[in-house]
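Numbering (this note's numbering), first residue to last: 6 to 280.
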């Protein structure tokens with residue numbers, strides 16, 4: 006059944022619930038999105054790093070906006086679930102540039118975006134980042150779409166502040182400013198400490214997104230913290246590319262092929278993409 010973009014946006018927002026968090030296995034191309042959707046995810050999220058790598062660019066604002074938006078459109082057209090797009094810091098040097106990106110994302114049919122506050126290996130000044138989020142929200146409002154703006158703050162990834170107490174305070178301050186600017190939720194990658202996540206979820210009056218990886222707390226352990234969204238980020242793409250390297254080395258060194266023994270069949274992949 007075909008649903009409107011407005012309906013998909015509302016459905017996606019409703020998936021962010023403490024106690025039953027949204028679980029996202031981030032995709033980076035059409036095939037990974039289709040496989041993820043077929044496996045049962047209620048929404049597809051792209052990983053900006055994976056998308057950039059797959060399109061031949063490094064992560065970190067190096068990918069051209071047009072290439073990113075074109076990929077988003079292809080993903081949206083390939084799945085029946087809501088799609089949220091990681092657009093790095095917005096693919097624009099100014100708030101107007103972010104607005105242009107968001108217009109493209111909305112035209113592509115996506116109903117959510119991630120916008121990060123990292124820039125040039127540092128945190129963007131708070132007021133500048135707030136202006137960029139205002140631009141994203143205003144653009145979506147003008148289009149009549151309740152876009153889910155997941156405001157990512159890299160305070161923990163970059164070790165902001167002199168100690169944990171200061172880092173926590175900076176994170177809460179940024180989260181508050183981002184929500185005032187129109188963000189729907191707050192994404193804090195680099196933080197998996199259960200006690201700190203629980204404190205953040207209590208302090209931030211909006212859904213909190215945690216990023217996980219091997220060795221991080223399990224979903225069952227994260228649920229009591231109150232986080233409403235748990236995502237794998239670039240981890241699946243990184244793992245896939247590690248398999249490419251492992252299989253290649255095995256072929257060249259030992260002449261065997263066991264690295265690729267566990268694979269989806271040609272027929273299954275073809276069937277998933279035959280639409």
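C-beta: ideal position from N, C-alpha, C; glycine also.
None of the values given here were measured: they were computed from a predicted structure.
Item to complete: Check whether the Cβ atoms of residue 235 and residue 217 sit closer than 7 Å, and answer yes or no.
Response: Locating residue 235 in the chain shown gives position 230, where the first residue counts as 1. Locating residue 217 in the chain shown gives position 212, where the first residue counts as 1. Taking 7 Å as the cut-off, the Cβ atoms of residue 235 and residue 217 count as close.
Practice prompt. Report the residue ranges of all alpha helix (DSSP H) runs contained in full by the segment 25-59; include only those spanning at least 4 residues, in chain order.
Written response: Within the segment 25-59, the runs of alpha helix (DSSP H) at least 4 residues long that lie entirely inside it are, in chain order, 35-44, 53-59.
Worksheet item: Alpha carbon to alpha carbon, what distance is there between residue 274 and residue 188?
Response: Residue mapping note: residue 188 aligns to position 183 of the chain shown, counting from 1. Residue mapping note: residue 274 aligns to position 269 of the chain shown, counting from 1. Approximately 37 Å between the Cα atoms of the pair.
Item to complete: Have a look at residue 139 and residue 186 and give me their C-alpha separation to the nearest angstrom.
Response: Along the chain shown, read from residue 1 onward, the residue named residue 139 stands at position 134. Along the chain shown, read from residue 1 onward, the residue named residue 186 stands at position 181. Rounded to whole angstroms, the gap between the alpha carbons of residue 139 and residue 186 is 5 Å.
Worksheet item: My guess is that residue 182 and residue 135 are in contact by the Cβ rule of under 8 Å, so how many angstroms apart are they, rounded?
Response: In the chain shown, counting from the first residue as 1, residue 182 sits at position 177. In the chain shown, counting from the first residue as 1, residue 135 sits at position 130. Under the criterion of beta carbons closer than 8 Å, residue 182 and residue 135 qualify as touching, at roughly 5 Å.
Worksheet item: So which of 174, 219, 222 has the shortest CA-CA distance to residue 205?
Response: Counting from 1 along the chain shown, the entry for residue 205 is found at position 200. Nearest of 174, 219, 222 to residue 205, Cα basis: 174.
Worksheet item: Any idea what DSSP makes of residue 205, helix, strand or coil?
Response: For the purposes of this step, residue 205 is identified with residue 200 of the chain shown, where counting begins at 1. Here residue 205 sits in helix by DSSP.
Discussion item. So, under 8 Å CB-CB, residue 177 and residue 26 are touching, yes? Tell me the CB distance rounded to an integer number of Å.
Written reply: Within the chain shown, the letter at position 172 stands for residue 177. Within the chain shown, the letter at position 21 stands for residue 26. With 8 Å as the limit, residue 177 and residue 26 do not qualify as a contact, their Cβ atoms being about 20 Å apart.
Discussion item. Suppose the cutoff is 7 Å on Cβ atoms and the five residues either side in sequence are ignored; what does the same chain contact list for residue 110 look like?
Written reply: Your numbering for residue 110 matches position 105 in the chain shown. Correct list, in chain order: 74, 77, 90, 92, 118.
Worksheet item: DSSP puts residue 121 in a beta bridge; with which residues?
Response: Within the chain shown, residue 121 is the residue found at index 116, counting from 1. DSSP, once it has assigned bridges, lists 157 as partnering residue 121.
Worksheet item: Going by the CB atoms, is the gap between residue 86 and residue 115 shorter than 7 Å?
Response: As a working mapping, residue 115 is identified with position 110 in the chain shown. As a working mapping, residue 86 is identified with position 81 in the chain shown. No, Cβ-Cβ distance for residue 115 and residue 86 is not below 7 Å.
Worksheet item: Grouping DSSP H, G and I as helix and E and B as strand, with all else coil, what is residue 90?
Response: By 1-based counting over the chain shown, the position of residue 90 is 85. Residue state, collapsed to three classes: strand.
Item to complete: Assign residue 195 to one of two classes, buried (16 or more other C-beta atoms within 10 Å of its C-beta) or exposed (fewer than that).
Response: One-based indexing of the chain shown puts residue 195 at position 190. Residue 195 is exposed by the Cβ-count criterion.
Worksheet item: Who are the Cβ neighbours of residue 147 in its own chain at under 8 Å, not counting the five residues just before and after it?
Response: Taking the chain shown and counting its residues from 1, the one referred to as residue 147 is at position 142. No residues qualify anywhere along the chain.
Discussion item. Quick check: the Cα distance between residue 37 and residue 270, rounded to an integer number of angstroms?
Written reply: Taking the first residue of the chain shown as position 1, residue 37 is located at position 32. Taking the first residue of the chain shown as position 1, residue 270 is located at position 265. Taking the straight line joining both Cα atoms gives about 14 Å.
Worksheet entry | Reference residue 84, options 39, 249, 59, closest by Cα | One-based indexing of the chain shown puts residue 84 at position 79. Of 39, 249, 59, the smallest CA-CA separation from residue 84 is found for 39.
Worksheet item: If you draw a straight line from the C-alpha of residue 6 to the C-alpha of residue 44, how long is it?
Response: Position 1 of the chain shown, counted from the start, is the residue given in the question as residue 6. Position 39 of the chain shown, counted from the start, is the residue given in the question as residue 44. Only weak support exists for where residue 6 lies, its pLDDT of 46 falling under 50; the value from the coordinates is given anyway. Cα-Cα distance, rounded: 19 Å.
Discussion item. Determine whether the beta carbon atoms of residue 49 and residue 32 lie at a separation below 7 Å.
Written reply: Counted from its first residue, the chain shown places residue 49 at position 44. Counted from its first residue, the chain shown places residue 32 at position 27. Cβ atoms of residue 49 and residue 32: closer than 7 Å.
Worksheet entry | Straight-line Cα distance separating residue 241 from residue 265 | Your numbering for residue 265 matches position 260 in the chain shown. Your numbering for residue 241 matches position 236 in the chain shown. The alpha-carbon atoms of residue 265 and residue 241 are separated by roughly 16 Å.
Worksheet item: Nearest to residue 122 by CA position, among 251, 223, 193, is which residue?
Response: Locating residue 122 in the chain shown gives position 117, counting from the first residue. It is 193.
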